[in-house]
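**Student:**
Number of protein chains: 2
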Amino acid sequence: MTSDLSTRQDDAAPQDAHSRLLELRASIDNLDSAVVHLLAERFKCTRQVGRLKAEHGMPAVDSDREVVQIRRLRLLAEESHLDPEFAEKFLTFIIDEVVRNHRSL
Amino acid sequence: MTSDLSTRQDDAAPQDAHSRLLELRASIDNLDSAVVHLLAERFKCTRQVGRLKAEHGMPAVDSDREVVQIRRLRLLAEESHLDPEFAEKFLTFIIDEVVRNHRSL
Chain A
2 MTSDLSTRQD DAAPQDAHSR LLELRASIDN LDSAVVHLLA ERFKCTRQVG RLKAEHGMPA
62 VDSDREVVQI RRLRLLAEES HLDPEFAEKF LTFIIDEVVR NHRSL
Chain B
2 MTSDLSTRQD DAAPQDAHSR LLELRASIDN LDSAVVHLLA ERFKCTRQVG RLKAEHGMPA
62 VDSDREVVQI RRLRLLAEES HLDPEFAEKF LTFIIDEVVR NHRSL
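Residue numbers (my numbering), protein chains in the order written: chain A, 2 to 106; chain B, 2 to 106.
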């Protein structure tokens, strides 16, 4: 019985593995779509922040705010079992893009 | 009347601008939290993909899949008014991290 089962598993494994791969990739694609839409919203917010700061003569960069953002995201990352180093790198990557956008305005 | 209004606006503007800035930052923080949680889920999926590929002797890198992912994300970015170049850079940034994680396993 055990041998029968293991034979069946061996036969089925490549097909199962391929189906499981496609299933995981579909989840990854869904998550990427959600992230892209959230980032589109995020850049809408930062564009508004940029305009507001320009109109009211506020400084373009606020390093205190950045420190708070990094600390906050690192904590959130730990809670959700994401590498905090990666969360910090990710935020820096996004902020660099925001700065590039502000400069190009 | 117009002059009254504009005087009032000038008085109120710095406070309004500051409130509006805090409001936008709260939205940015909410969006960042959502993105961090989605990325945590995404890395859970890619870890499973890594294990599956290792168990079944599938190649670790699939460049055809990467081409499809980039094309898909660029289209999604255009639809949501996000810079497609940025969407591609973002995906590359994430995939680099996935590859780094797989290597460290």
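Beta carbons: idealized from backbone N, C-alpha and C, even for Gly.
Span of the alpha helix (DSSP H) holding B/G58?
**Tutor:** Within the second sequence, the letter at position 57 stands for residue 58 of chain B. That residue, B/G58, is in no alpha helix (DSSP H); it is neither H nor E in DSSP.
**Student:** Measuring only from the beta carbon, is A/L74 closer than 8 Å to any heavy atom that is part of the ligand ZN?
**Tutor:** Among the components of this structure there are no ligands whatsoever, and the ligand ZN is therefore not found.
**Student:** Kindly indicate which three-state DSSP category B/L53 falls into: helix, strand or coil?
**Tutor:** One-based indexing of the second sequence puts residue 53 of chain B at position 52. Note: B/L53 maps to helix in three-state DSSP.
**Student:** Can you list, in chain order, the stretches of the alpha helix (DSSP H) that have 4 or more residues and sit fully within the stretch 20–99 of chain A?
**Tutor:** DSSP runs (the alpha helix (DSSP H)) wholly in the stretch 20–99 of chain A: 64–80.
**Student:** Can you name the residues of chain A whose CB is closer than 7 Å to the CB of B/H82?
**Tutor:** One-based indexing of the second sequence puts residue 82 of chain B at position 81. Those are A41, listed as they occur along chain A.
**Student:** Determine the closest residue to A/D33 out of B/R73, B/R48, B/A27, with distance taken between C-alpha atoms.
**Tutor:** Position 32 of the first sequence, counted from the start, is the residue given in the question as residue 33 of chain A. That would be B/R73, whose Cα lies nearest to the Cα of A/D33.
**Student:** Please work out which residues of its chain come closer than 6 Å, Cβ to Cβ, to A/F91, disregarding the five sequence neighbours upstream and downstream, and give them in chain order.
**Tutor:** One-based indexing of the first sequence puts residue 91 of chain A at position 90. Nothing listed; no residue qualifies.
**Student:** Taking all protein chains shown into account, decide if A/Q16 is buried (16 or more other Cβ within 10 angstroms of its Cβ) or exposed.
**Tutor:** If you number the first sequence from 1, residue 16 of chain A lands on position 15. Flag for A/Q16 reads exposed.
**Student:** With C-beta atoms as the reference, is A/L39 less than 9 Å away from B/L23?
**Tutor:** For the purposes of this step, residue 39 of chain A is identified with residue 38 of the first sequence, where counting begins at 1. For the purposes of this step, residue 23 of chain B is identified with residue 22 of the second sequence, where counting begins at 1. Cβ atoms of A/L39 and B/L23: not closer than 9 Å.
**Student:** Can you check whether the C-beta of B/D30 is within less than 9 Å of a C-beta belonging to chain A?
**Tutor:** If you number the second sequence from 1, residue 30 of chain B lands on position 29. Judged by the 9 Å Cβ criterion, B/D30 is in contact with chain A.
**Student:** Whose Cβ in chain A lies nearer than 8 Å to the Cβ of B/Q16?
**Tutor:** Within the second sequence, numbered from 1, the residue matching residue 16 of chain B stands at position 15. By Cβ distance, chain A contributes nothing, its closest Cβ being about 11 Å from B/Q16, past 8 Å.
**Student:** Taking C-alpha atoms, which residue in A/E56, A/V99, A/R26, A/A41 lies nearest to B/H19?
**Tutor:** In the second sequence, counting from the first residue as 1, residue 19 of chain B sits at position 18. If we check each option's Cα against that of B/H19, A/E56 comes out closest.
**Student:** Would you check if the distance between the CB atom of A/I95 and the CB atom of A/R43 is smaller than 9 Å?
**Tutor:** Against the first sequence, residue 95 of chain A aligns to sequence position 94. Against the first sequence, residue 43 of chain A aligns to sequence position 42. Their beta carbons are under 9 Å apart, which means A/I95 touches A/R43 by this criterion.
**Student:** Compare the C-beta of A/V37 against all C-beta atoms of chain B and say whether one is closer than 9 Å.
**Tutor:** Position 36 of the first sequence, counted from the first residue, corresponds to residue 37 of chain A. Answer yes: the Cβ-Cβ gap between A/V37 and chain B drops below 9 Å somewhere.
**Student:** Any idea if B/L76 is buried or exposed, counting beta-carbon neighbours within 10 angstroms, 16 or more meaning buried?
**Tutor:** Taking the second sequence and counting its residues from 1, the one referred to as residue 76 of chain B is at position 75. It is exposed - the Cβ of B/L76 has fewer than 16 other Cβ atoms within 10 Å.
**Student:** Is it buried or exposed, B/A78, if we count other Cβ atoms within 10 angstroms and call 16 or more buried?
**Tutor:** Position 77 of the second sequence, counting from 1, holds the residue named residue 78 of chain B. When all chains shown are included, B/A78 counts as buried.
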